[in-house]
Amino acid sequence: MRVPQFDKYVGAMRGLGLLLAGMIIGAAVYSSIYHAQFEALISLKSDLEMKLDQYESDIKQWKKLSKQHTVIKSVVPRIEEEAGDKKKPVLDKVTEAELLLRIKKDLSVFIGQSIYEIDSDAQFARKLLSQKIYADVLEKNYTVTINTMLVVDNVLQVWVKVRLYDRPPG
Numbered sequence: 276m277r278v279p280q281f282d283k284y285v286g287a288m289r290g291l292g293l294l295l296a297g298m299i300i301g302a303a304v305y306s307s308i309y310h311a312q313f314e315a316l317i318s319l320k321s322d323l324e325m326k327l328d329q330y331e332s333d334i335k336q337w338k339k340l341s342k343q344h345t346v347i348k349s350v351v352p353r354i355e356e357e358a359g360d361k362k363k364p365v366l367d368k369v370t371e372a373e374l375l376l377r378i379k380k381d382l383s384v385f386i387g388q389s390i391y392e393i394d395s396d397a398q399f400a401r402k403l404l405s406q407k408i409y410a411d412v413l414e415k416n417y418t419v420t421i422n423t424m425l426v427v428d429n430v431l432q433v434w435v436k437v438r439l440y441d442r443p444p445g
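The working numbering numbers the first residue of the sequence shown as 276 and each following residue consecutively.
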């Protein structure tokens, strides 16, 4: 029995190997581009959902309180960025949106309150949200602390610090 000579097929095998390697590399590049675009789409969707919820609740509150000019008509929480803090988590858009939604829900008791009585209510809110733990926000726990509260044009703006919650041992 005779063994065929592979000297004839060396060039074809190289070409086939190069074609196969190109297909694999092309598939990896396409997959990474697809995932990057999908992540951007999820981030945009989360932002738009948060804005839509904000606008819908603002419209409802504005309709209720349109005749009253000295009350808080909406609450806008903001997460304050800190540089160099080891416990400061890097929040993705979905987690940030979920935290802002929960904080806004907790602070919604201020809607309809007089803007002239915010000083006594602000102390209450600080005590209420001082080191408040938000559990199971996308499988992580966070603590929230109010830094600043400001009322401008009947909108209560609240700046908060968010940190990862370290469970005490035991």
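Ideal placement from N, C-alpha and C gives every residue a C-beta, glycine not left out. Here the structure is a predicted model, which means the values were calculated and not measured.
Check                                                                                                : Outcome
Exposure of residue 276, with buried meaning 16 or more beta-carbon neighbours within 10 Å           : exposed
Where residue 349 falls, given that 16 or more other Cβ within 10 Å makes a residue buried           : buried
Member of 426, 299 and 279 whose CA lies at the smallest distance from the CA of residue 391         : 426
Member of 345, 409 and 334 whose CA lies at the smallest distance from the CA of residue 387         : 345
Exposure of residue 374, with buried meaning 16 or more beta-carbon neighbours within 10 Å           : buried
Pick from 355, 366, 418 and 365 that is closest to residue 433, judged by C-alpha positions          : 355
At least three beta-carbon pairs within less than 8 Å, the region 327-338 to the region 393-413      : no
Which listed residue (365, 421, 417 and 315) has its alpha carbon closest to that of residue 398     : 421
According to DSSP, residues forming a beta bridge with residue 353                                   : 434
Cβ neighbour criterion (16 or more within 10 Å) applied to residue 440                               : buried
Local Cβ density within 10 Å of residue 299, reported as buried at 16 or more and exposed below that : exposed
Cα-Cα separation, residue 431 to residue 347                                                         : 6 Å
Buried or exposed by the 16-neighbour rule on C-beta atoms within 10 Å, applied to residue 281       : exposed
Proximity to residue 317 [Cα-Cα], best of 335, 283, 302 and 371                                      : 371
Residue burial classification, residue 379 (beta-carbon count within 10 angstroms, cutoff 16)        : buried
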